[in-house]
Structure formats: structure tokens, C-alpha cells
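Colleague: Chains as they are written, first to last, in this note's numbering: chain A, 1 to 507; chain B, 1001 to 1507. Just so you know, even glycine gets a beta-carbon here, dropped at the ideal spot from N, CA and C. Quick caveat, the model's predicted, so the values are computed rather than measured. Provided herewith is a single structure, encoded as C-alpha cells, for subsequent inquiry.
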């Protein structure tokens, strides 16, 4: 592997190599900073810590120092974590999953705007988030003619590089130099009224350049790093996940039999996490071949489908692997380079493409209600967990949209099927199939009351079915409208009971 | 004007001319029937009444008779009205606005699935609503070679004609014969994995044929009619509507000044109703020229912008005029034919085009909450009003998405700004600007608590501001999460209070 210094092949840029502390000098209190990174991949490893040190020094001197930080999606402890612990973030968008950042948000110490991941780039370019003072972007290298080799996440980098007034690059020697050529950077979406169609008609096509580009004069510093991504380990699929996966795969078989899905299905999107990973692992032993992936984050399960030959190609905006999977990826990168396409998240999550390609979207949820509304973000209605991410981009525009969850949490004290969700991220209009380990509810073409009966009987945990039936029965008899019967005084009472007693069950 | 019989120019089809009662014989109990019509335009005028008579006869004989009815959007009394009064509809989708149909839905006598208007066609074609037995479609005429001239609404007709097993046409002599050439029928969206880009880059372009087409062998009956559309009268813009319109137009000016909107704005979408109409009327005297319309339903206000030369062209899926405006339309149809483009609703409302073109979406709401969630469909959480229509298609994908409403209803007894909406149609992620006669709240780039303060101070009626501030203050102090502070026991209490006392105000 080459060193980070060797990867700065553009002669003119070599003079801009500096320490992280020097680079952080470009970042002042109150600035809006665009940071690279998507699901623990491709985030800057050194500059955030240097910013943190500046913040700590300022705070110790009784001076204010906070930045407004906008990323692709989640980063890791070396970025969100260190900055949040130093109380150095005043505003955060569009997605996070760091424990300290989350606590800051829920304590009211940092403002957070939870944004659809396909919306953040165009809205920043349109000026809706104000100026972007500095972009800090990790790359795998800089070519002799000044083109940037993307690292394991493309995310929002195209827009940050275009829109920020100044650019700091981190060149990370840990990122495989052979990533060169894997990305497909289409950087011409622009703003209306001058937009053109995105000319992708298959998930595996390429329409852009393998390189990120920027005005080299905006680069104020280049920082060399040699540090690995977050590389979280996945749990082996457990019985719960396997059960959910099996139900989805059975459903696929049924849809193929009914002529509503092609034999090789349609391009698969899979949310982040163990259940999503289990669904993909389950496809390994399924009757489906020649699969195609079109997803935000490509994780272990999809990698293994490609390596086994079950999946022909996959498009993503980030590669987020466990340490073992990263090894398999690096070992096979020459074969994988043409089969995996890394795109900007504005392309990956674009409604135009999700609708046209007919994606099968599968995302995790916190809870669903009896009418099929889904909460993906809030704990008990008030506390932010992570964010909506791309789940709304995919659910809203997919050919089929699934939401999955175990039917209970906290040892049974929380039902994931409730009378009314405590926060709405995906409305009844956008949710087609709910799946728990108890069963699957196919909500397509059904009225709210038809959906309620199905969800209660098929998806709810047996411990909660009587309680849900009782709510629904009494709501139907309460004298309100019978389109979406509710008891307004009890709709959120399950959450209140949990807050007060630690259990949603009526004793 | 030609008679309806003269408008059936295809010789082979003349033999299929029959009475509405004869045509209704093809429609049996339990069938799924695709009906044309969008916002009181282009719906069949005769066959629904004939179906009603069949239903009444069956019911009188103690036999079941109900159909499953899927339309473009709302129809009128001669369609939804007569069928609902005869209790002849078991299932209705995707949108309705008829008083009797609404009562049937809210009494639990008819199942209703409220669907995004861009979703209904692809989901029907994909088989998610089962087979479509018969389509009943109004046209303005049939050419000698068997092509169909669309009437004042294209709506879902492309898909109904393609997908239904049998077709009944109503040829309506009241529809202007000079409509020939106004429509742009692109009928090749199809199903994944074989979809192509929609090659529209400007709202005024044409990419299809002026005619609807179908397999002529599927036509089982042609019914001749001579009846006008619903043609509801608009109220003259009142002070309330003018005030809301003025605030939106000021906001446009500000955005142009800030460089975030072009001088001629971006293509305008406007929801149905008096406030929407007032916004368009307000643009007549605004400094903006060379406007472009891209909307679902083109109503009086947009017609007059075109007639005055303020607007260059407008794309819609239906033309729904007051009687006076219809006269102006017919008087000027030769000049309007190239400036107005009637498209299938699947094209008009397509996320691909709404996103690409950068639409400014303006839609009415029933209520919004302090965090920017919007309810467009439900009264007090349980009763269906009309449906989400295309508001979700536009809000979700527009460059700017506005929701407008007077700040109070029922003489002040209902606040349109509430702690939590009683039904969620548009989530906090999809709502950019709220406008009431009190003021405008620009929610872009803001966290939930920042939004709450703005919405309470700018949009709520003064009678409710203290009550909202009190809720928000106590929610912040309640010990829950401070990302989206709520009091779970009170979040829906304003609606409950209205149900119990007829007033949301705390006495």
C-alpha cells in the first residue's frame, strides 16, 4: 500500500499538506462545515479532533466555539463523537447515530434537522442552509492532474466540494488505492430550471466519472491520515432476524408466482442493521438468481451475495463493512470494481431513479400503528434515535416498500405495533408491507380498517393482540369517524404508560 | 357543435353505440370498475346512473350489488353521488370529494383507500388492486381511425384503457370538439424493470400523442351524452385569501432577491380551492412575468394568468373551471391549445418530473402542528374529508413546498395550528413553508424547536398563541426528549376538547 503522502500525486497540491491542527485553523466559531462520511465510512479521521481541541481551548478561555455540521449521513466516534463530547456542534443535519451526539440533541444542547438524504444536497445548493464555509472531505488519493479518488463513501461530497468556499481534504492511506475506478460520479444535477434527466435505466449502469472534482484553488489544506473506518461488527443473524427474512422471501416467491415480480425480483434496497443484513443473508439460500442491488449502504450481506454470484451488481453511496467483510472486499477488489458502483447520495436516493428502476425497499422501523403509519426516528414521541435517513426516499418511491421490526422490544415491555405511532415518518400512504417475526401484513389496496385487522392479527405479538383488538373495537364504537377510528384520549396512552411504568402492557 | 353521434367517426365502432342501461349490463356485482374523471371534469355522465338503477333493482330484490370504483380523482354528483346514495360502492380509491360518498366512508359503509395520485396508475398496472373488469371513460370524440380525443381530464385514462378487460366509452358532445390536439398522451411508462426516463425538461414540452389509444376490440359499448361537467363556481377572493396570497408573493420576491429563485419563479403548482385560486389571482398584479404552470388541476386563476399573458404555458391533468371561466376557455381555445398541455396524472404528478422541474408546490391543509407536520385529510383524526390527492406528490418532491390555511375555522372554535396534528399526511420532513393570514413560517434548515417558535408566533391565531406557548413550554419542561418536546397526554387533547365541547379554546 502507498503512504498518504505518495497518494497526493498532484505536484501543486503537495505544498498544501499540513497538520490537522493547521487545517482546523480555517474553521472558526459559527461556521457551517460540510463533512464527508456516510454510515461510518469515508468520514474525516483527523480534522474533527483538531476542531475539538480548538473548541476545548476556546471554551476553557470562556469563548464561544461551535460549528454547524452537515454530513452525508452518520460518521463515527472520531467525528460526531469527539465534537459532541466537546459541545462543539450547534446545529447538525441530515443524519447521525452517535450516542453523545444523540444525547446532545435530546438534551436540547444541539439543534438537529432530520432531513431525507436525497434532499440535503439540492437544498444546500439552493441556499436553504445558508453558506457552507468549509468542506472537510476524505479521499483515497489525488491524481497527478488533481482529480480526487473517492474513499468508501461518496455521500454528499460532490455538493460539498462544489458549494463550500474552502476545502480541506484528508487523504487516507488505509483506504484501498484500488478503489480508483469503482465510483460513478455524476455531478451535473444542478438546480432548476436547468435540470436534465438522469439517464440511468439499470442499477448497474455508469453515467459519470470515476473521480470527484473541485476547483483546486479552493483547497486550503491537505491532511494525511492512516486510519480505518468505523467497521462495526454485525451480529450473526439470530432466530428473530431469520424468521423475518424468511417471511419476506416467501412473499417474494408469492409475488413472482402471481406475475407481479420478475423471477430475479427487482433491484433491492436494504436499510442498515442486523435484520436487513439477515434478509440479504437469507437470499443466499433462496431460489432467486441474477439479483441486482440498488441501495444506500452496501453491507456484509449484499457483498456476500455478489461474491457468491447470486447478485450481478450493486449500486450504493457507501460501503460499510464489518472488519471481516472489509477483508473479503479488499481481497476481491479487482473482481468487485466493475460490480459495485459508488454514487453520490443525491443520485442513489433520487426519487426519479427509485421510481423508474422499481426498487424493492426494505427498511427497519421503531414502531408501526394499526393503520400502517411508521415511526423510524423517535423514542416515545420526543427523543430522536438516529434520523429518517434514506428510508423515506425509498419507501415513498419504491415498487414495493417493506418495514420490518421484531414485534416487541425491551423484553416485551414495548410493542412495535401501537394504536398510533408517537411520531410519523412514513404515512399510511407510503407503507405497503409490514413484517415482524409474527407474520406479514400486505397492506396494498386496503382501507385503514382492513389494514388494522391484518396488522393486529399478523404482526402484533400475542401478548399485545387483545389489547390492540380492544382499542380498535372501542375506537370503532366511539362515535367518531369510521374511516380511521381512534380514541383521541388513548391513542398515545401506550407510550405514556411506558414512560410512567416502563411497560406498555396493561396489568 | 357536432352531436355525440357525429363524433363517433370510426365506422366499425358506430355499431357499438348503445344506451347507458345496455352498457351497464356489462358491470356486475363485485366488479372493479375504472372510471374517468378528475376534480369534476371528464367523468362519465350517464353510465353511473344506469349502474345505480341496476343496484337499486338488485337491492330491492334482496340481492347484493356493489362495485369497486377507482377513478382519477373526484367526480361529481352524477357519478360518486348517485352511486353512493344507492349504496352501490364497496371500495373507493384514490380520491373523492362527494358529500354522500364521504358520509358512506365515515359511516363505515364503504371502504376507501386514500392514495397518492401519482401512485394509483402504476399500482393498478402492477396488479396491486386486482383485475380491472371494466373501464368507463368519457372522451370528446373518436377519430375515423379509432383514436380517442380526451375530454377535459386525462387523469388515469391511459391506464384504465390499457388495463381493463372491457371498455365503455361515453362520447360527450358538450366537450369542445376543438380540444383535439391539446393533450399530450405519453402512455409508455410501463412497469419495472423496463422503464425509460421521462424526457421532459420544461413544463410546456410535449412528448406523446394528442390521442388516447386502446385495443378497439375491448370496447363493448359506446354511450352518447350531452352534459356539462361539474363546473363549480369559485368564490371571489376574500380578504383572508388575499392576505395569504400577498404573503406568498412577498416571499417569492424575497427569494428572487436572495438569488434562490429565478425572476420568473419556477413552475407553479396550485392545489384546488379558493385560497389557491386567490394566490394565482394575486400573481396577476405581481411583478413576476413569463410564469409557467405545472399543476394537477388548472382552474380559473391559472387560466386568467395565461389569457392575460402573465403565464406562458401550463401543464395539467384536468381543466376544472367555473361556468364563466369555461366560457372564456371555449372562446379562446384556438389560442390556448398550444399553451395548455393536458397530461396523464401519472406524468403530471411524477416525482421524476416534479423534482427535475423544481416545482413550487402550494397546497391547502386542514391543520399543521407546531413542528410542521400537516394533516390534509382527516377531521379530528378519524373522519375523512376528501383525500391526500396530489399534495403529497408535490410537497415531497417540490423545490419549495407551501401549505396554506386560514389560522382558524368554525368561527374561531378550531385552530389550524395545533400541538400535534390528528392525522399525518405530510411529515416534518416535507413541509417547507406554512402560511396563514397571520403570517408565514419559513421552516427550511430549522430544527423542530426552532420551527415551533416560528409557527406559533407567525402563523397561529392570536386567540391560540398563549395556549400553544403554554403547551410548548410545559412540553419542554416535562422531562421527555428535547428534540421534539410533547406532552403525550395532551398532544391530541385540543381535538378531544373540540369533539366534547365544540371548541378547541380552553375556557
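Does residue 66(A) have its Cβ less than 8 Å from a Cβ in chain B?
Modeller: no
Colleague: Where does the unbroken beta strand (DSSP E) through residue 1242(B) begin, and where does it stop?
Modeller: Unbroken run through residue 1242(B) is the alpha helix (DSSP H), 1239-1257; no beta strand (DSSP E).
Colleague: To the nearest angstrom, report how far apart residue 177(A) and residue 145(A) are at their CA atoms.
Modeller: 16 Å
Colleague: By the 9 Å beta-carbon criterion, what residues does the stretch 1265-1298 of chain B contribute toward chain A?
Modeller: Result list: 1266, 1267 and 1292.
Colleague: If you compare alpha carbons, which of 1299(B), 1169(B), 1365(B) and 1442(B) is closest to residue 1407(B)?
Modeller: 1365(B)
Colleague: Would you say residue 345(A) lies against chain B (beta-carbon separation less than 8 Å)?
Modeller: Taking Cβ atoms only, chain B never reaches closer than 8 Å to residue 345(A), which makes this a no.
Colleague: Grouping DSSP H, G and I as helix and E and B as strand, with all else coil, what is residue 414(A)?
Modeller: strand
Colleague: Check distances from the C-beta atoms of the stretch 424-435 of chain A to those of chain B and list, in chain order, the residues that come in under 7 Å.
Modeller: For the stretch 424-435 of chain A, the set of positions with a beta-carbon nearer than 7 Å to some beta-carbon of chain B reads 424, 425, 427 and 429 in chain order.
Colleague: Are the CB atoms of residue 319(A) and residue 41(A) within a distance shorter than 8 Å?
Modeller: yes
Colleague: Between which residues of its own chain and residue 1111(B) is the CB-CB distance below 6 Å, once the five residues before and five after are set aside?
Modeller: 1091.
Colleague: Are there 16 or more other CB atoms within 10 angstroms of the CB of residue 1452(B), so buried, or fewer, so exposed?
Modeller: By the Cβ neighbour-count rule, residue 1452(B) is buried, with 16 or more other Cβ atoms within 10 Å of its own.
Colleague: To the nearest angstrom, how far is the alpha carbon of residue 1363(B) from that of residue 159(A)?
Modeller: 30 Å
Colleague: Starting from residue 1107(B), trace the alpha helix (DSSP H) both ways and give me its first and last residue.
Modeller: No alpha helix (DSSP H) holds residue 1107(B); DSSP gives it neither H nor E.
Colleague: Output yes if chain A places a C-beta closer than 8 Å to the C-beta of residue 1132(B); else output no.
Modeller: no
Colleague: Taking the straight line between their C-alpha atoms, what separation do you get for residue 184(A) and residue 122(A)?
Modeller: 18 Å
Colleague: Please check the pair residue 136(A) and residue 168(A), which I expect to be a contact at CB under 8 Å, by giving their CB distance rounded to whole angstroms.
Modeller: 5 Å
Colleague: Assuming residue 1286(B) and residue 1157(B) make a contact with CB atoms under 8 Å, what is their CB distance in whole Å?
Modeller: 35 Å between Cβ atoms; not a contact.
Colleague: Considering only DSSP beta bridges, list what residue 1436(B) is partnered with.
Modeller: Per DSSP, the beta-bridge partners of residue 1436(B) are 1439(B).
Colleague: Using a threshold of 8 Å, state whether the C-beta atoms of residue 1265(B) and residue 1189(B) are closer than that.
Modeller: no
Colleague: My guess is that residue 272(A) and residue 212(A) are in contact by the Cβ rule of under 8 Å, so how many angstroms apart are they, rounded?
Modeller: Not really, about 24 Å apart at Cβ, beyond 8 Å.
Colleague: Distance check for residue 1355(B) and residue 262(A), CA to CA, integer angstroms please.
Modeller: 28 Å
Colleague: Classify residue 373(A): buried if its beta carbon has 16 or more other beta carbons within 10 angstroms, exposed otherwise.
Modeller: Flag for residue 373(A) reads buried.
Colleague: Secondary structure at residue 1085(B), three-state DSSP: helix, strand or coil?
Modeller: helix
Colleague: Starting from the C-beta of residue 1324(B), find all residues in its chain whose C-beta is less than 6 Å away, skip the five residues before and the five after it, and write them out in chain order.
Modeller: Scanning its chain for C-beta atoms nearer than 6 Å, with the 5 sequence neighbours on each side dropped, one finds no residue around residue 1324(B).
Colleague: Quick one: list the residues of chain B neighbouring residue 12(A), beta-carbon separation under 9 Å, in chain order.
Modeller: Going along chain B, no residue has its Cβ under 9 Å from residue 12(A), so there is no contact; the nearest lies around 32 Å.
Colleague: Determine the DSSP secondary structure at residue 389(A), reduced to helix, strand or coil.
Modeller: coil
Colleague: So which of 81(A), 484(A), 124(A) and 412(A) has the shortest CA-CA distance to residue 428(A)?
Modeller: 484(A)
Colleague: Got a sec? Which residues, its chain only, sit under 6 Å from residue 400(A) by beta carbon, not counting five neighbours each side?
Modeller: Around residue 400(A): 360 and 432.
Colleague: Just how far apart, CA to CA, sit residue 1117(B) and residue 395(A)?
Modeller: 16 Å
Colleague: Name, going along the chain, the residues of the stretch 100-118 of chain A whose beta-carbon falls closer than 8 Å to a beta-carbon of chain B.
Modeller: 105, 106, 107, 108, 111, 112, 113, 114, 115 and 116
Colleague: Can you pull the chain B neighbours of residue 379(A), defined as C-beta to C-beta under 9 Å?
Modeller: 1481
Colleague: Does DSSP put residue 495(A) in a helix, a strand or coil?
Modeller: Residue 495(A): helix per DSSP, three-state reduction.
Colleague: Does any residue of chain A bring its CB to less than 8 Å from the CB of residue 1447(B)?
Modeller: So, interface residue.
Colleague: Going along the chain, which residues of the stretch 329-354 of chain A sit with their C-beta nearer than 9 Å to a C-beta in chain B?
Modeller: 350, 351, 352, 353 and 354
Colleague: Between residue 509(A) and residue 8(A), what straight-line distance do the alpha-carbon atoms span, to the nearest angstrom?
Modeller: For chain A, the structure presents residues 1 to 507; residue 509(A) sits outside this window and is missing.
Colleague: Measuring straight from C-alpha to C-alpha, what distance separates residue 491(A) and residue 1386(B)?
Modeller: 23 Å
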